[in-house]
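Notes for the one structure printed next.
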Amino acid sequence: MAVPFDATIRPIILGIVGDSAAGKTTVSRGIAQILGPAHVSVLCTDDYHRFNRQQRKDLGITPLNPECNYL
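Heads up: the sequence shown runs through residues -19 to 51, numbered per the numbering used here.
Okay, here's the thing in structure tokens:
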């Protein structure tokens, strides 16, 4: 069913957090699929990692280390 546009509707910001491999990406993709790409913007913080998995392993750090991110 189509929902008519209403200028009084305000955007919703939803943050999804959890441990590694908890399903955050899966949930985000599911929401985007249900609501449609025109209505959802997904910002993945994995895109802000400074090092890839192998580099983090070599350095002995995890993505939770502040030095590991461009934030």
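Just so it is clear, CB atoms sit at the ideal spot from N, CA and C, and this is done for glycine as well.
These numbers come from a predicted model, not from an experiment.
On the DSSP letters alone, give me the boundaries of the alpha helix (DSSP H) that residue i sits inside.
i, result
"Leu39", "Arg33 to Leu39"
"Val7", "Lys4 to Leu15"
With DSSP as the reference, please indicate the residues paired to residue i in a beta bridge.
i, result
"Asn45", "DSSP output for Asn45 lists no bridge partner at all."
"His29", "Asn49"
For residue i, collect the residues of the same chain with a Cβ closer than 8 Å to its Cβ; drop the 5 residues on either side in sequence, then sort them by chain order.
i, result
"Val7", "Ile(-4)"
"Lys4", "Ile(-4), Val(-3) and Gly(-2)"
"Ile11", "Leu(-6) and Val20"
"Cys24", "Thr5 and Ser8"
Excluding the five sequence neighbours on either side, which residues of its own chain have a C-beta within less than 6 Å of the C-beta of residue i, listed in chain order?
i, result
"Pro50", "The sequence given here has Tyr at residue 50, not Pro. Here the set comprises Tyr28 and Arg30."
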